[in-house]
Amino acid sequence: MKIGLTAGADPKARTAALLDARAAALAGRAAGAEQAVETTAYLVCACGAERYGLPLAAVAGVTPERPCTGLPGAPPALRGITAVAGVIVSVLDLAACLGLDRDGDESGHVVHLRAQEPPIALAVDRVLGIARIEPGLARSVNEPESLGRGPLSGYAPPGSDRTGDIREGFSLIDVPTLLTRHTT
């Protein structure tokens, strides 16, 4: 740090120059720290005690769960169909899709997925919030089937949410793989 005064200069001037130089150095460090960090947003949901993140780009909206009309011969993961704003939507049970036991309580949330034809929604126990994760912090899973829970693409460890709202870790869901396995 160069202050431009010699050791024999007035002590008050030297102190003022040192404080100015220190303030400038701290301001420069703070300005560098405010650089934008690229993050990926996930809607974090709970299924029992487990936490899962759905890419926010795949989510069209969230509503309270409504009764579904069951379909004869439907796979176990398909809860049924329901009408939302005049559109018939197929409702998949996320816990069943992932091989988890469901509490049996059907008073959770329904996550409507974007750009699906026919329209599809996922029933979850509850929506916890939105987490923003730096891509480097999410741990990738090379073989999603290795976790034994289906289409999981990775894991966001505790404390990786940049917003600080979601403190627990959660598994990342690969929505296209999930839908391919349960809608074909």
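Take the sequence shown: its letters are residues 1 to 184, numbered as in the UniProt record's numbering. Backbone N, C-alpha and C fix where the C-beta goes; we use that ideal spot for every residue, glycine too.
- DSSP places residue 93 within a strand segment (E or B) once states are collapsed to three.
- Separation of the CB atoms of residue 46 and residue 124 is rounded to 7 angstroms, and the pair is thereby assigned contact status at 8 angstroms.
- In the structure shown, the three-state DSSP call for residue 139 is strand.
- Straight-line measurement puts the Cα of residue 70 at about 26 angstroms from the Cα of residue 51.
- Taking the CA atoms as reference points, residue 165 sits about 7 angstroms from residue 129.
- Within the same chain, 58, 59, 60 come within 7 angstroms of residue 114 by CB-CB distance, once the 5 residues on both sides are set aside.
- In terms of Cβ geometry, residue 120 and residue 56 do not form a close pair [threshold 8 angstroms].
- By a beta-carbon distance limit of 8 angstroms, residue 25 does not contact residue 182. Their separation comes to about 57 angstroms.
- The alpha-carbon of residue 162 is positioned some 23 angstroms away from that of residue 28.
- In terms of CA proximity to residue 127, 48 leads the group 14, 48, 15, 20.
- Non-local C-beta neighbours of residue 74 in its own chain, meaning closer than 8 angstroms and more than five positions away in sequence, comprise 80, ordered along the chain.
- Under DSSP, residue 25 takes part in no beta bridge, so it has no partner.
- Remark: C-beta atoms of residue 167 and residue 41 do not approach each other more closely than 8 angstroms.
- Apart from the 5 residues on each side of it in sequence, residue 66 sits with its Cβ closer than 6 angstroms to the Cβ of 82 in its chain, given in chain order.
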